[in-house]
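Reviewing the structure listed below.
2 protein chains.
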Amino acid sequence: MTFRLKILGSNAAAPAHNRNQTSQLLQVRNSVFLIDCGEGTQLQLKKHKVKFSKINYIFISHLHGDHYYGLIGLISTMHLYGRTTTLNLFGPPGLLEIISLQLKYSDTSLKFDINFKEWTPEMSEVIFENNYMTVETFPLNHRISCSGFVFKEKPLSKKIIKENLPADILPSQIAILKKGQDVKDGNGEILFAASDYTSDPRDPFIYAFCSDTKFTTDIIPYVKNADLIYHEATFMEDMADRAELTYHSTAKQAAELAKKSNAKKLILGHFSTRYKELEPVLAEAKEIFENSYLGLEGTDFILLE
Amino acid sequence: MTFRLKILGSNAAAPAHNRNQTSQLLQVRNSVFLIDCGEGTQLQLKKHKVKFSKINYIFISHLHGDHYYGLIGLISTMHLYGRTTTLNLFGPPGLLEIISLQLKYSDTSLKFDINFKEWTPEMSEVIFENNYMTVETFPLNHRISCSGFVFKEKPLSKKIIKENLPADILPSQIAILKKGQDVKDGNGEILFAASDYTSDPRDPFIYAFCSDTKFTTDIIPYVKNADLIYHEATFMEDMADRAELTYHSTAKQAAELAKKSNAKKLILGHFSTRYKELEPVLAEAKEIFENSYLGLEGTDFILLE
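Those protein sequences? They're chains A and B, same order as listed. My numbering puts the first residue of the first sequence at 18, with every later residue one more than the last. My numbering puts the first residue of the second sequence at 18, with every later residue one more than the last.
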């Protein structure tokens with residue numbers, strides 16, 4: 018029942034101070050999602066011993082290079098390593114055109130398929146769903162079309178209180194209890210009441226990834242109540258004008274967004290190269306939202322092992 | 018009068034064993050040439066403290082990703098760093114189309130111009146010339162169109178033997194001597210004979226870069242007598258069949274080419290990831306051509322400081 022996030026890159030625009038460009042790896046149970054893929058992401062994956070073959074889903078938030086220039090290299094290496102499993106790629110219009118052009122000129126016929134799901138950056142839509150989770154996009158406010166993502170578990174089954182179960186109960190009856198329903202006999206009489214044998218499960222986990230964006234409360238309906246929220250914090254508050262101008266946010270604004278959206282934990286990232294030391298960035302966020310963290314390379318945020 | 022080469026990447030296909038993908042930096046006097054630009058080249062440049070602003074010429078040998086996926090990131094970072102100087106980009110057909118598409122989708126209007134010189138990969142042509150050197154392409158034999166480059170100094174002026182010069186000689190007369198011509202008076206009488214006041218200069222330096230290629234003696238007319246020759250050595254001789262199949266060369270073949278072309282020094286590179294240790298690769302080449310070297314990251318080959 019894993020739910021864990023690993024940061025692979027935290028710097029804005031260009032790599033600096035041993036900080037790479039944006040990339041994150043989210044594992045939810047057996048599904049491994051790569052979120053953005055700045056240049057050199059394949060090296061970061063190697064460094065952190067992530068098997069490329071485990072990555073079946075890649076999401077690219079927008080087409081600024083620091084968020085996707087590493088994608089074609091990663092795809093090429095997957096091909097060289099003999100990958101045959103389909104890769105599911107989610108991105109804005111244009112991404113597949115770029116990748117296809119590069120593959121055309123290298124005369125590469127990939128050994129695996131790329132299933133491409135293009136979304137409409139101006140709206141919110143569920144772009145991925147399996148039996149235990151969904152991924153929904155939402156529009157951010159950046160210089161070019163840019164989307165955020167909400168990774169959300171589906172509601173969990175009721176938890177069975179094993180010590181209460183009678184010895185003769187059938188597996189099919191337990192399955193009914195797990196749904197929160199009472200088990201009845203042919204006459205509609207209750208044999209086993211769900212309330213006697215089950216307890217409520219934990220709430221589904223939510224991870225909200227807010228890629229490059231100007232501060233905007235418009236996104237709160239999408240990201241509210243997240244267990245983990247990542248929000249870019251390119252600048253500090255004394256450069257709020259610069260943030261506004263470049264369609265980025267400050268650490269304070271990231272913290273305000275986390276607070277207003279009732280997040281449990283905030284991860285800061287996409288730091289401007291001008292900040293070699295990041296403690297002041299963190300301190301600025303913590304003044305507003307105590308449970309703030311720097312999303313530095315190699316850091317794990319684990320909701321469930 | 019600098020003539021020096023720095024290796025930035027030496028691995029084939031994908032990065033491995035702390036070896037990057039192909040990239041080299043050649044400095045001839047004031048001209049700094051970047052030759053190929055695998056993913057992460059900008060990080061290698063930073064590591065070796067090369068100022069991006071000094072690079073005015075970039076040559077891409079072919080459109081396999083391990084030779085150019087780092088280019089768009091480097092261009093983007095140059096833009097972020099405020100570059101305004103024109104960048105001269107030399108590459109095969111398709112390169113500018115790829116770069117332009119990426120810039121279009123990121124809505125980036127570069128602060129500097131890219132002058133693009135496209136060559137015809139099937140032929141040899143001089144694609145760059147200044148007052149002291151030329152760069153000539155030549156066709157290699159690879160799976161897709163691929164060019165090698167010869168960086169060649171122009172013939173140098175005669176060297177003046179200062180201690181022989183009379184005190185009253187004029188600068189204009191010295192200039193004539195440097196050309197190897199005698200200085201004459203109005204009647205055609207020799208005032209200063211070039212042979213008395215000059216000595217022969219050294220031969221012009223030649224660096225031949227043989228990118229990905231199957232072994233072929235067809236390139237010898239282009240690369241002959243090189244002071245430095247780089248030749249790919251993806252495999253060792255026990256995998257000659259594999260080299261043939263994939264349009265690559267073995268270390269032995271690289272050495273044979275160096276020998277047949279009368280090179281002074283051979284640099285090996287583009288090593289397959291299967292070779293973690295490279296001493297056997299070097300040993301194989303040295304059996305044929307003693308003056309062979311591994312072109313590993315950070316290594317400098319200096320003809321003139």
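Note that CB positions come from ideal geometry on N, CA and C, so glycine has one too. Note that the coordinates shown come from a computational prediction; the quantities given were computed from them, not determined experimentally.
{"Asked": "Residues of the segment 67-90 of chain A whose Cβ lies closer than 8 Å to any Cβ of chain B, in chain order", "Found": "Leu80, His81, Gly82, Asp83, Tyr86, Gly87, Ile89 and Gly90"}
{"Asked": "Alpha helix (DSSP H) segments (min. 4 residues) lying fully within the segment 213-252 of chain B", "Found": "237-240"}
{"Asked": "Interface flag, Ala111/B vs chain A, CB-CB below 9 Å", "Found": "With the sequence shown as reference, residue 111/B is identified as Gly, and Ala is not the correct amino acid for it. Taking Cβ atoms only, chain A reaches closer than 9 Å to Gly111/B, which makes this a yes."}
{"Asked": "Where the alpha helix (DSSP H) through Arg259/B begins and ends", "Found": "Ala257 to Leu262"}
{"Asked": "Distance between beta carbons of Tyr239/A and Val167/A, contact taken as under 8 Å", "Found": "6 Å"}
{"Asked": "Candidates Thr137/B, Phe306/B, Leu104/B and Glu135/B: closest to Ile92/B by CA position", "Found": "Leu104/B"}
{"Asked": "Inter-stretch contact (C-beta, 8 Å, three-pair minimum) for the segment 155-172 of chain A and the segment 130-146 of chain A", "Found": "yes"}
{"Asked": "Proximity winner among Gly57/B, Glu180/B, Tyr310/B and Leu320/B, relative to Asn35/A (alpha-carbon distances)", "Found": "Gly57/B"}
{"Asked": "Interface flag, Glu56/A vs chain B, CB-CB below 9 Å", "Found": "yes"}
{"Asked": "DSSP state of Gly165/A mapped onto helix, strand, coil", "Found": "strand"}
{"Asked": "Amino acids of chain A, ordered along the chain, whose beta-carbon sits closer than 9 Å to that of Pro138/B", "Found": "Chain A residues near Pro138/B: none, gap ~12 Å exceeds 9 Å."}
{"Asked": "Residue-level contact to chain A via CB, Leu118/B, 9 Å cutoff", "Found": "yes"}
{"Asked": "Three-way DSSP call (helix, strand, coil) for Asn181/A in this model", "Found": "helix"}
{"Asked": "Distance between Pro172/B and Met253/A (C-alpha atoms, nearest Å)", "Found": "57 Å"}
{"Asked": "Unbroken beta strand (DSSP E) run spanning Ser189/A, endpoints", "Found": "Careful: Ser189/A lies outside any beta strand (DSSP E), inside the alpha helix (DSSP H) at Pro188 to Lys195."}
{"Asked": "Status (buried if at least 16 other CB within 10 Å, exposed otherwise) for Pro188/B", "Found": "exposed"}
{"Asked": "Distance between Asp244/B and Met18/B (C-alpha atoms, nearest Å)", "Found": "16 Å"}
{"Asked": "Beta-carbon proximity of Asp229/A to Tyr264/A, cut-off 9 Å", "Found": "yes"}
{"Asked": "Candidates Thr94/A, Asn158/A, His84/A and Lys64/A, of which the one nearest Leu262/A by Cα", "Found": "Asn158/A"}
{"Asked": "Environment of Leu120/A [buried if 16+ CB atoms lie within 10 Å]", "Found": "buried"}
{"Asked": "CB of Leu283/B within 9 Å of CB of Ile24/B, strictly", "Found": "no"}
{"Asked": "Cβ contact (3+ pairs, closer than 8 Å) linking the segment 112-130 of chain B and the segment 178-185 of chain B", "Found": "no"}
{"Asked": "Spatial distance of Thr53/B from Thr39/B (CA atoms)", "Found": "Strictly speaking, residue 53/B in this sequence is Asp, with Thr absent from that position. Roughly 6 Å separates the two Cα atoms."}
{"Asked": "CB contact check: Leu43/B to chain A, cutoff 9 Å", "Found": "no"}
{"Asked": "Residue-level contact to chain B via CB, Tyr292/A, 9 Å cutoff", "Found": "no"}
{"Asked": "Ser126/A, DSSP secondary structure in three states", "Found": "coil"}
{"Asked": "Minimum Cβ-Cβ distance from Lys23/B to chain A less than 9 Å", "Found": "no"}
{"Asked": "Within 9 Å, strictly: CB atoms of Ile72/A and Phe50/A", "Found": "yes"}
{"Asked": "Validate contact between the segment 108-119 of chain A and the segment 72-86 of chain A using beta carbons, cut 8 Å, 3 pairs", "Found": "yes"}
{"Asked": "Spatially closest choice to Ser27/A from Met150/A, Asp83/A, Thr215/A and Gln44/A, by CA coordinates", "Found": "Asp83/A"}
{"Asked": "For Thr251/B and Ser289/B, the rounded distance between their alpha carbons", "Found": "5 Å"}
{"Asked": "In DSSP terms, what Ala33/A is bridged to", "Found": "Arg36/A"}
{"Asked": "From Leu295/A, Asp217/A, Lys68/A and Lys64/A, residue whose alpha carbon lies closest to that of Ser174/A", "Found": "Asp217/A"}
{"Asked": "Cβ neighbours of Lys241/B in the same chain (closer than 7 Å, five flanking residues each side left out)", "Found": "Ser278 and Asn279"}
{"Asked": "Distance, Val200/A Cα to Ala184/A Cα", "Found": "15 Å"}
{"Asked": "Three-way DSSP call (helix, strand, coil) for Glu135/B in this model", "Found": "strand"}
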